[in-house]
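**Q**
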Amino acid sequence: MESVVNFFQYFWDIRETVTAMAGRHAWMSLFGVLLGTFTAVPMGIFVSRNKRVSGYAIDLAGMLYTIPSLAVLGFFLPFLGLGWMPTIAALVIYSWLPILRNTVTGIVGVDASIKEAARGMGATSFQMLVRVELPLAMPVIMAAIRTVTVLTVGITTMGALVGAGGMGDLIFQGISMMDNNLILAGTIPVATMALLFDQLLGLLERRLKVSAGIT
Amino acid sequence: MTREISVELRNVDKVYDTAKVVDGVSFSIKKGEVLVLIGPSGCGKTTTLKMINQIIPHTAGNILVNGEDVTKLDPVELRRSIGYVIQYIGLLPHLTIEENINFVLQLTKRPKKEQQERALELIETVGLPADYLKRFPRALSGGQQQRVGVARALAADPAILLMDEPFGAVDPLTREQLQNELMRLQETIKKTIVFVTHDMQEAFKIGDRIGIMKEGKLVAMGSSMELVNSDDEFVRDFIGRGALFDVLDTISVTRVLRKDIPTIREGEHFDKESKMNGWDNILVLDERDAFLGYVSIENIDASGKISGDAVQRVADAFPAELSIKKAIEEMLYGGRTWLPVAGDDRVFKGIVTFDSCAGLLSKEGGS
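So the sequences go chain by chain: A and B.
For the first sequence, this note's numbering assigns the number 4 to the initial residue and increments by one for each residue that follows.
For the second sequence, this note's numbering assigns the number 103 to the initial residue and increments by one for each residue that follows.
(1) Would a C-beta distance cut-off of 8 Å place A:Thr106 and A:Ile48 closer than the cut-off?
(2) Using a Cβ-Cβ distance cut-off of 8 Å, determine whether A:Val135 contacts chain B.
(3) Please list the partners that A:Ser51 has in chain B, where partner means a Cβ-to-Cβ separation under 7 Å.
(4) Since A:Arg122 meets chain B, which of its residues come closer than 8 Å, beta carbon to beta carbon?
(5) With 8 Å as the threshold, decide whether the Cβ of A:Glu208 is near any Cβ in chain B.
(6) Rounded to the nearest angstrom, what separates B:Gly324 and B:Arg338 at their Cα positions?
(7) If the cut is a Cβ gap below 7 Å, which residues of chain A does B:Gly192 touch?
(8) Since A:Pro89 and A:Leu80 are thought to touch, with beta carbons under 8 Å apart, how far apart are those beta carbons, to the nearest angstrom?
(9) B:Pro421 bridges to which residues according to DSSP?
(10) Please list, in chain order, the chain A residues whose beta carbon lies closer than 8 Å to that of B:Tyr186.
(11) Mind listing which residues of the segment 223-242 of chain B have their C-beta closer than 8 Å to chain A's C-betas, in chain order?
(12) Counting contacts by CB-CB distance shorter than 8 Å, is B:Val178 in contact with chain A?
(13) I'd like the span of the alpha helix (DSSP H) that includes B:Arg254, first residue to last.
(14) With DSSP run on the structure shown, which of helix, strand or coil describes B:Asp115?
(15) Quick one: what's got a C-beta closer than 6 Å to A:Ala147's C-beta in the same chain, skipping five residues either side?
(16) Taking just the CA atoms, how far does B:Asn155 sit from B:Leu180?
(17) Is the beta carbon of A:Ala197 sitting closer than 8 Å to the one on A:Val156?
(18) For the segment 294-307 of chain B, which residues have a beta carbon sitting closer than 8 Å to at least one beta carbon of chain A?
(19) Can you tell me whether DSSP reads A:Tyr68 as helix, strand or coil?
(20) Please name the residue in B:Leu394, B:Gln217 and B:Ser143 whose C-alpha comes closest to that of B:Glu267.
(21) Please tell me whether A:Leu76 and A:Val165 are closer than 8 Å, where the distance is taken between their beta carbons.
(22) What in chain B is Cβ-close to A:Leu139, meaning under 9 Å?
(23) I want to verify the contact list: residues of chain B whose CB lies under 7 Å from the CB of A:Ile174, in sequence order.
(24) Would you call the segment 300-307 of chain B and the segment 264-284 of chain B touching, i.e. three or more CB-CB distances under 8 Å?
(25) Considering Cα atoms alone, identify which of A:Phe129, A:Thr190 and A:Val50 is closest to A:Ala25.
(26) Which chain A residues sit within Cβ distance under 7 Å of B:Phe269?
(27) Kindly provide the ranges of any beta strand (DSSP E) runs that are 3 or more residues long and lie completely inside the segment 273-357 of chain B, ordered along the chain.
(28) State the DSSP-derived secondary structure class of A:Thr40, mapped to helix, strand or coil.
(29) Provide the residue span of the beta strand (DSSP E) that contains B:Lys214, from first to last.
(30) Tell me which same chain residues have a C-beta within less than 7 Å of the C-beta of B:Gln248, skipping the five on either side of it?
(31) Is the shortest distance between the beta-carbon of B:Val206 and the beta-carbons of chain A less than 8 Å?
(32) Name the residues in the segment 209-221 of chain B whose C-beta lies less than 7 Å from a C-beta of chain C; which are they?
(33) From B:Leu222 to B:Thr173, what does the alpha carbon distance come to, in whole angstroms?
(34) Among A:Ile144, A:Thr22 and A:Met181, which residue has its Cα nearest to the Cα of A:Thr108?
(35) With 8 Å set as the bound, which would you pick, yes or no: does the beta-carbon of A:Ala146 sit closer than that to a beta-carbon of chain B?
(36) With a threshold of 8 Å, are at least 3 pairs of Cβ atoms found where one atom belongs to the segment 181-190 of chain B and the other to the segment 113-132 of chain A?
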């Protein structure tokens, strides 16, 4: 009981540092997810036109996904230097597989009869994409974006190793000082943030009626 | 009567790799005509249909829509000018019924107001309540969804409708209902319709003409009566032995009515000198020309007066919608040799007899 009180006392004492770090952590995560989404979705659309190409693309994204995050950060260091840049680059690479895969799955999975009806009514390829394929694939794509967001908030902590800042600073400091309070002060806000973002995206999804009529 | 040709196929082939799925098909469809393509699965009927709006491009030959070669038209424009109804309906699940109906109007960016009015008009045309417009497709039954499918195909008021087994995925009761609605609708909209089915009864019911396909070739084409009387062995086998009665079930007795039987109004004097046209009985009508009964010529006295109790009162006249099949059944099971037929206003139209039914067969079939 005493240790819990201690932790809260400690947490309260460093609240300003935590808030600043959390802010930085949040924008890095969000920026990574956004950049990942805006690269992976168009890639997914592009490769979904061809079954073989989309297979290769998903395999490649899968390979990148298996590389340890520490290695990815290290890989980008010579090109992007220290700081937030290699961190964002790593986040983008980790977002690719889930978003790309779900974009392709979502688009390819649109019922053939629906596509045929739309084509038969005179939809151009672009109208087909915008009015039929993307809206119908959107719940699947959104599911990937939510997964990626949770994942990204976690991976961003690794950024502390290359000087990106964020909650990782607290955690790594705590590890080196063997200070559990410090580790917890870093970890709890990260976990909370991941859950919060996931819930916010879910709320956004319902607001925009992404799944209306579909699921 | 010559009518404008709406769709014409000239020696059209479709070849996939080495397989020729459509082989030298030629036919033309007049404006306002319903042509049904039928055949065993894999006979190329659906491919033929889909080549008309170039969902499937043809390999050789010419396809003309309103006199223009489809290969010279923009496929998108071509498809927007042709209504398209498919078996699996293909409503867009993420759009409301209203948005589904207006899909083509949205593609062509018609004004919002026009779209709303059109959707309201069409949902009524296909017999669904207007409050369905705000629902999503999944809230509708299969039959209701296909009604929306038909409404959607009509949205841009195309002159031509392509229907690919449109009622194939609904239950038999709903199917019959949808067929009836389509025929009722067709009386007012008079579209040129190409209709693919594998159901012979449906073909007989809906088609002005029926084309039978086999292994990519069009082996026979003609009215249902012509096909029933075909000498071609495949055609006979395909449509089956019971087909004649299926056809007769689609033809109204008005086609075989005899109107030469003498009639008289109740209470009037019969002029014995008037022509009996070889009949032994006179039909008696009331003052509004509704059928009452008949009287034998022997029961008319010298003065020409018809006594009331001499009139044989039989059951009411049958409606003109009665099919020939039903009329024959009625006569067989009712032990009658003729039936009186009246219009909606109960005005007597004529009588149908076994002979007049048989006359139709020899008239239409005799080759």
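For each residue, glycine too, the CB sits at the ideal point set by N, CA and C.
**A** According to the structure data:
(1) The criterion of a C-beta distance shorter than 8 Å is satisfied by A:Thr106 and A:Ile48.
(2) At a cut-off of 8 Å between beta-carbon atoms, A:Val135 makes contact with chain B.
(3) Within chain B, no residue has its beta carbon less than 7 Å from that of A:Ser51; the closest one is some 18 Å off.
(4) Listed along the chain, the chain B residues whose CB falls inside 8 Å of the CB of A:Arg122 are Ile157 and Arg181.
(5) So, not an interface residue.
(6) Straight through space, the alpha carbons of B:Arg338 and B:Gly324 are spaced by roughly 13 Å.
(7) Taking the beta carbon of B:Gly192 as reference, the chain A residues within 7 Å of it are Ser116, Ile117, Glu119 and Ala120, listed in sequence order.
(8) With a Cβ gap of about 6 Å, A:Pro89 and A:Leu80 count as contacting.
(9) Answer is B:Ala444.
(10) In chain order: Ala120, Gly123 and Met124.
(11) The residues in question are Phe238, Pro239 and Arg240.
(12) It does: the Cβ of B:Val178 has a partner Cβ on chain A nearer than 8 Å.
(13) First-last of the alpha helix (DSSP H) with B:Arg254: Gly244 to Leu256.
(14) In this structure, B:Asp115 counts as strand in the three-state DSSP scheme.
(15) Only Pro101, Ile102 and Asn105 meet the Cβ criterion.
(16) A straight-line Cα-Cα distance of about 6 Å links B:Leu180 and B:Asn155.
(17) Yes; because the gap between Cβ atoms is below 8 Å, this pair is in contact.
(18) Near chain A, meaning a CB-to-CB distance below 8 Å, no residue of the segment 294-307 of chain B qualifies.
(19) It is helical.
(20) The residue with the shortest Cα to Cα distance from B:Glu267 is B:Ser143.
(21) Going by C-beta atoms, A:Leu76 is nearer than 8 Å to A:Val165.
(22) Going along chain B in sequence order, the residues near A:Leu139 (Cβ under 9 Å) are Leu194, Pro195 and His196.
(23) Per Cβ cutoff of 7 Å: no residues; A:Ile174 is ~42 Å from chain B at best.
(24) Short answer: they touch.
(25) Looking at the Cα atoms, A:Thr190 is the closest of the given residues.
(26) What B:Phe269 touches in chain A, judged by beta-carbon distance under 7 Å, is nothing: the nearest beta carbon there is about 15 Å away.
(27) 294-299, 311-316 and 319-324, all fully within the segment 273-357 of chain B.
(28) Annotated three-state conformation of A:Thr40 is helix, per DSSP.
(29) DSSP places B:Lys214 in no beta strand (DSSP E) but in the uninterrupted alpha helix (DSSP H) bounded by Lys214 to Thr227.
(30) Counting only Cβ-Cβ distances below 7 Å, and skipping sequence neighbours, we find Ile191, Pro268, Phe269, Val272 and Leu280.
(31) Chain A, which has a Cβ nearer than 8 Å to the Cβ of B:Val206, makes this yes.
(32) Judged by its chain identifiers, the structure shown contains no chain C, and its protein chains are A and B.
(33) The alpha-carbon atoms of B:Leu222 and B:Thr173 are separated by roughly 35 Å.
(34) If we check each option's Cα against that of A:Thr108, A:Ile144 comes out closest.
(35) With 8 Å as the cut-off, A:Ala146 does not count as an interface residue toward chain B.
(36) As far as the Cβ criterion goes, the segment 181-190 of chain B touches the segment 113-132 of chain A, which means the pair count is three or higher.
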